[in-house]
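Going down the list, the sequences are from chains Y and W.
For the first sequence, position 302 matches number 307 in the working numbering, and the numbering has no gaps at all.
For the second sequence, position 8 matches number 15 in the working numbering, and the numbering has no gaps at all.
Just below is one structure, and these are the notes that go with it.
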Amino acid sequence: MSALKDTAEEILGFARDAGADDAVVEVFDHRTNQVRYSNSRIDASNWWSLTHAHVFVAVGKRTLSTDLLDMSSSKASVESLVRNARLSPENSEYTGIASGKFKYRKSRADPRIVAMRSPTKHVHDAISAATREGAAEVGGTLFIRHRMAGIASSGGALAEDESAALELSVRAFSQPEASGHALCCTHKLSGLDARMTGSRAGQMAMLAKDPVPGEVGKTDLIMEPMFLGELMNATTMMLSAFLVEVGMSMFAKKIGKKVASEEVTMADDPTMPSFSQKAFDHEGVPTRRTTLIDKGVLKTYLHDTSTAKRFKTKTTGNSGPFAPLGLDQPGVPLAFHPAVEPGDWSVEEMIADTKDGLYLNNTWYTRFQSYSMGDFSTIPRDAILKVKDGRIVGAVKNIRVSENMLSLWKSIDALSKSTEDVYWWDEVAPPSTLPTARARGMNITRSS
Amino acid sequence: MIDEDLVESVLDVAMSQGRPILAEVRAETIESSDVAVKSGVVSSIVTSRDAGMNVRVVLPTGIGFAASNGLSKAVGAELAKRAYMLARNVRLKHRVEMAPEPPVRTDWEVRQDKPLADVSIEEQAGFLKRVDSAVAKSKVKVEGRFFEVRTTQTHGRFANSDGSRISSYLPRVRVDSALVVTSKGESEQSMREFGGTGGWELVDGWDLEKALVDEVRMLKNVIDKGKAVKPGKYDLVCGPEVAGIAAHESCGHPMEADRILGREMSQAGKSFVKPEMINFRIGSEYATVVDDPTIPGSYGYYAYDQEGVRARPRYLYKEGLINEFLTNRETAATLGCLSNASSRSETYIKEPIVRMANTHVAAGDFEDDEIFGSVKEGVLMHSFTEWNIDDKRYNQKYVSREAYFIEDGELGLPAKRCALEITTPGFWGSLDAVSKTVKHNAAECGKGDPMQSAAVFTGGPMMRLRGVYLK
Chain Y
6 MSALKDTAEE
16 ILGFARDAGA
26 DDAVVEVFDH
36 RTNQVRYSNS
46 RIDASNWWSL
56 THAHVFVAVG
66 KRTLSTDLLD
76 MSSSKASVES
86 LVRNARLSPE
96 NSEYTGIASG
106 KFKYRKSRAD
116 PRIVAMRSPT
126 KHVHDAISAA
136 TREGAAEVGG
146 TLFIRHRMAG
156 IASSGGALAE
166 DESAALELSV
176 RAFSQPEASG
186 HALCCTHKLS
196 GLDARMTGSR
206 AGQMAMLAKD
216 PVPGEVGKTD
226 LIMEPMFLGE
236 LMNATTMMLS
246 AFLVEVGMSM
256 FAKKIGKKVA
266 SEEVTMADDP
276 TMPSFSQKAF
286 DHEGVPTRRT
296 TLIDKGVLKT
306 YLHDTSTAKR
316 FKTKTTGNSG
326 PFAPLGLDQP
336 GVPLAFHPAV
346 EPGDWSVEEM
356 IADTKDGLYL
366 NNTWYTRFQS
376 YSMGDFSTIP
386 RDAILKVKDG
396 RIVGAVKNIR
406 VSENMLSLWK
416 SIDALSKSTE
426 DVYWWDEVAP
436 PSTLPTARAR
446 GMNITRSS
Chain W
8 MIDEDLVESV
18 LDVAMSQGRP
28 ILAEVRAETI
38 ESSDVAVKSG
48 VVSSIVTSRD
58 AGMNVRVVLP
68 TGIGFAASNG
78 LSKAVGAELA
88 KRAYMLARNV
98 RLKHRVEMAP
108 EPPVRTDWEV
118 RQDKPLADVS
128 IEEQAGFLKR
138 VDSAVAKSKV
148 KVEGRFFEVR
158 TTQTHGRFAN
168 SDGSRISSYL
178 PRVRVDSALV
188 VTSKGESEQS
198 MREFGGTGGW
208 ELVDGWDLEK
218 ALVDEVRMLK
228 NVIDKGKAVK
238 PGKYDLVCGP
248 EVAGIAAHES
258 CGHPMEADRI
268 LGREMSQAGK
278 SFVKPEMINF
288 RIGSEYATVV
298 DDPTIPGSYG
308 YYAYDQEGVR
318 ARPRYLYKEG
328 LINEFLTNRE
338 TAATLGCLSN
348 ASSRSETYIK
358 EPIVRMANTH
368 VAAGDFEDDE
378 IFGSVKEGVL
388 MHSFTEWNID
398 DKRYNQKYVS
408 REAYFIEDGE
418 LGLPAKRCAL
428 EITTPGFWGS
438 LDAVSKTVKH
448 NAAECGKGDP
458 MQSAAVFTGG
468 PMMRLRGVYL
478 K
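In structure tokens form, the structure reads like this:
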């Protein structure tokens with residue numbers, strides 16, 4: 006694996022020899038195997054591999070990046086990059102890259118995940134388990150990921166990193182409009198329990214049977230980790246200093262102010278053993294746990310070196326990629342593994358303590374009419390269960406949560422003591438560790 | 008250009024593995040640039056060259072897809088073997104079938120008056136700075152200003168075991184803007200996208216220095232003079248942007264055959280539309296929605312899809328009836344029809360799936376001003392901010408960015424964040440007039456797992472919905 010670090014160092018040398026004042030080179034080797042299934046059978050088995058390098062160079066304040074996908078001509082490509090950087094317009098906000106003597110944690114991927122060749126058995130196990138619970142149709146994905154990265158920078162970064170992950174998503178339908186969704190996201194093969202995940206999805210699908218149209222008005226929401234994970238997607242995005250700068254964040258000018266209830270402590274923690282553990286950010290700064298919201302009070306935004314200098318603070322080790330990586334914008338600080346601290350409730354106690362509310366399995370399509378104010382709506386999906394006088398009394402459908410995101414975080418009054426690692430599709434992202442949460446008096450709307 | 012022999016040799020390896028029903032090889036090179044300006048400062052510049060390929064092997068008992076960057080016979084042979092192995096390991100009990108297609112041998116390309124390759128990074132940054140400067144000088148307080156221009160030039164070479172051999176060249180350009188206007192302690196946001204296939208002449212034609220100054224002035228007017236709508240039933244006139252998002256969300260997506268058949272059930276979801284619902288009434292006689300990849304210069308343009316099927320317009324809803332699903336070869340075989348060329352993928356690294364291209368409400372025969380001239384009490388919703396729809400594509404919400412009250416056929420003051428929350432039959436069933444002029448907007452459509460972004464147009468004419476509930 007040190008080959009990637011060596012390659013990064015070699016490319017860094019090309020950049021410096023060509024005249025770059027600053028440079029960061031991050032070499033990636035990603036291999037992914039995916040089994041897609043629907044209607045209780047496998048649709049396709051997909052595999053893809055990408056070996057490439059993100060190269061950032063600065064000549065004075067003239068900066069330029071590339072995603073180097075043809076590694077065989079890296080010397081010529083980097084020389085051309087530095088030449089073109091000299092011709093590029095100045096980035097007057099550029100204040101340099103992170104520099105120092107960095108120490109990195111050692112990381113190692115589970116070799117049993119890396120060696121997996123035929124994962125279809127786990128998919129069949131999940132389908133069977135959901136079907137045994139009463140599901141009529143089961144669909145989802147199983148991802149097997151192996152990610153390696155090496156980084157070298159003119160600021161002194163030199164490191165390598167490796168992780169592996171299994172991500173099983175199971176959505177089960179008991180009726181055309183009754184479904185349940187469950188996930189199993191793990192960094193160890195021993196952590197994959199396909200049968201339990203399938204059973205859980207099947208059980209939720211059965212609880213969701215015979216849904217009736219939901220009622221409009223205020224009600225309490227008990228939100229499972231998947232539901233909360235979808236809200237974390239937008240919440241952590243708006244904690245990026247970049248979004249604050251462009252006026253697209255409800256957290257602007259709120260450092261030191263109350264942005265959530267006292268129950269809520271939120272951190273970005275890529276250091277915890279998880280399926281998205283990460284040793285360094287895309288500048289090469291060692292990652293660390295950063296408390297973002299402490300007992301409801303906003304402590305910091307997510308920073309890289311440049312945004313930190315503009316905000317007169319220090320980087321939080323959240324530099325985003327220098328070239329587009331998936332849907333991530335280049336040069337935007339981002340969260341790697343958000344986590345909400347658990348509370349002291351059991352989920353059963355939360356339900357028993359709720360007089361009139363909804364128990365929510367999952368949601369999607371969260372969209373904002375105002376990022377700066379936090380006004381949004383989201384569409385609950387999968388099991389939407391009616392809670393009355395401390396008991397689940399049936400299922401509902403066709404509702405929308407139309408709310409304000411700050412109000413929602415301020416209305417949380419209970420968090421479960423158990424947490425779950427969640428990551429699903431493009432919605433419950435980035436990978437997160439979250440409890441179940443209850444928010445009081447949230448607004449429900451639906452089609453007229 | 009891509010070496011044709013390379014693609015042929017990889018296809019030979021794929022065909023030598025067992026007895027596939029179909030084998031496909033796609034190789035691509037992609038030149039791209041991405042320049043961003045934030046509040047007048049060039050905040051990032053990225054230029055890249057990508058090259059890679061994929062192989063899809065269809066066996067009677069499973070489909071395997073393998074992709075990697077790198078263009079060489081060695082990489083291709085490895086992918087061909089891996090795709091076969093993946094397909095073999097699926098071991099389906101039912102037989103996989105693909106709808107038949109005649110072999111095609113052709114080259115196609117999109118021409119450019121001002122080739123993207125000739126527009127330097129400095130020129131692109133200069134263009135964005137001019138737009139930023141115009142907005143900054145608009146005398147409107149714009150709290151956040153962010154602009155980005157992206158260009159891609161994709162050369163492709165496709166070959167399949169049916170005998171198709173297709174080379175293609177597709178240049179595409181896109182400009183995004185994100186603006187937050189503040190006034191009197193309130194703020195309104197605008198996130199716009201402009202895109203097309205062709206050269207820099209498209210960017211010149213958008214006249215963004217004017218369009219985005221108009222946009223921030225409009226937002227200030229909404230803040231300063233806008234009033235909330237008193238909840239109740241009104242006539243609603245939708246502008247092309249709102250007509251387009253409705254066409255995309257509550258017609259295009261539910262008419263994707265893979266959703267109808269359940270393949271997206273755990274991600275984007277299924278559809279309220281079932282295979283037996285062809286000719287089912289979903290809206291009034293004015294509800295005709297077309298998805299047409301062949302519109303010249305459109306953001307979602309292609310001549311042949313990623314399975315080598317020739318593109319053509321698809322009438323999804325026709326005069327209020329469900330008419331034709333979007334299909335690829337696999338879903339067409341299941342439904343007993345032929346593919347209508349809806350197979351697309353973001354790049355070579357991702358599997359091709361059923362996608363929209365340019366989805367718009369078809370033109371009617373009213374003049375624009377006739378549409379709202381007969382409205383006694385209503386709202387004209389030109390554009391939207393927040394929107395969403397459930398995963399069966401039945402319950403949708405659109406909140407206005409720009410809207411105006413209509414009284415006795417005359418436009419009045421701005422309506423602030425007017426919300427329409429309505430079912431799909433409720434929307435299309437309320438339609439009673441459609442104007443003559445169709446306008447399009449560029450958008451990115453997200454679907455698939457891993458997520459794939461597809462360049463699309465949405466659009467439509469002005470259209471009138473009678474007696475819908477607004478709040």
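Just so it is clear, CB atoms sit at the ideal spot from N, CA and C, and this is done for glycine as well.
Keep in mind the model is a prediction, meaning the values are calculated, not measured.
According to DSSP, residue pairing for W:Gly203 in a beta bridge involves W:Val180. Residue burial annotation: Y:Ala81 is exposed, with fewer than 16 other C-beta atoms found within 10 angstroms of its C-beta. By the C-beta criterion, the region 418-431 of chain Y is judged not to be in contact with the region 41-50 of chain W, since fewer than 3 inter-stretch pairs fall below 8 Å. Taking the C-beta atoms as reference points, Y:Phe373 is found nearer than 7 Å to W:Glu393. Annotation: Y:Thr441 to Y:Val221 spans about 23 Å, alpha carbon to alpha carbon.
Secondary structure of Y:Ala265 (DSSP, three-state): coil. Under a 10 Å Cβ-count criterion, W:Phe332 is classified as buried, with 16 or more other Cβ atoms of the shown protein chains found around its own Cβ. For W:Asn228, there is no enclosing beta strand (DSSP E); the enclosing alpha helix (DSSP H) has its first and last residue at 215-232.
Against W:Tyr476, the close residues of chain Y are Ser452, Ser453, in the order they occur along the chain (beta-carbon pairs closer than 9 Å). Per DSSP, the unbroken alpha helix (DSSP H) holding Y:Ile132 starts and ends at 125-137. Not flagged as an interface residue toward chain Y: W:Gly251, since no C-beta distance is shorter than 7 Å.
Among the CB atoms of chain Y, one or more fall inside 7 Å of the CB of W:Met458. Only Trp430, Asp431 from the region 420-431 of chain Y bring a Cβ to less than 8 Å from some Cβ of chain W. Between Y:Asp299 and Y:Thr270, the CB-CB gap stays under 7 Å. Just measuring C-alpha positions, the residue of Y:Pro275, Y:Asp349, Y:Val30 sitting nearest Y:Ala162 is Y:Val30. The beta carbon of W:Pro468 sits closer than 7 Å to those of Pro247, Ala250, Val368, Ala370, Gly371, Val441, Ser442, Lys443, Thr444, Val445, all from its chain and outside the five residues before and after it, given in chain order.
Counting along the chain, W:Glu337 sits inside the alpha helix (DSSP H) bounded by residues 336-342. Residues of the region 383-412 of chain W with a C-beta less than 7 Å from any C-beta of chain Y: Thr392, Glu393, Trp394, Asn395, Ile396, Asp397, Asp398, Asn402, Lys404, Val406, listed in chain order. The region 55-101 of chain Y is shown to contain whole alpha helix (DSSP H) runs of 4 or more residues at 79-92, in chain order. Residue environment: W:Phe153 is assigned as buried (16 or more neighbouring CB atoms within 10 Å of its CB, all protein chains considered). When Cβ-Cβ separations below 7 Å define contact, Y:Gly203 makes no contact with chain W. C-alpha of W:Val297 to C-alpha of Y:Arg315: approximately 49 Å in a straight line. Sequence-distant partners of Y:Ser311 (beyond 5 residues in either direction) whose C-beta falls short of 7 Å from its own C-beta, in its chain, are Glu98, Tyr99, Thr100. The continuous alpha helix (DSSP H) containing W:Tyr91 extends over residues 80-97. Rounded to the nearest angstrom, the Cβ distance from Y:Thr68 to Y:Ala90 is 7 Å, consistent with a contact under 8 Å.
If you draw a straight line from the Cα of W:Thr36 to the Cα of W:Asp10, it comes to about 11 Å.
Per DSSP, reduced to three states, the secondary structure at W:Gln119 is coil, with no helix or strand assignment. Below the 7 Å Cβ cutoff, chain Y contributes Arg46, Ile47 as neighbours of W:Leu99, in chain order. From the listed residues Y:Val302, Y:Ala58, Y:Lys106, Y:Phe107, the smallest Cα separation to Y:Val83 is found for Y:Ala58. When DSSP states are grouped into helix, strand and coil, W:His255 belongs to the helix group. Residue-level contact check: W:Phe153 touches chain Y, since one or more beta carbons of chain Y fall below 7 Å from its beta carbon. A straight-line Cα-Cα distance of about 11 Å links W:Met60 and W:Ala166. Classified as buried, W:Gly290 has 16 or more neighbouring CB atoms from the shown chains inside 10 Å of its CB. A residue is called buried when at least 16 other Cβ atoms come within 10 angstroms of its Cβ; Y:Val398 does not meet this threshold and is exposed. The Cβ-Cβ distance between Y:Leu420 and Y:Pro343 does not fall below 7 Å. At a cut-off of 7 Å between beta-carbon atoms, Y:Arg372 makes contact with chain W.
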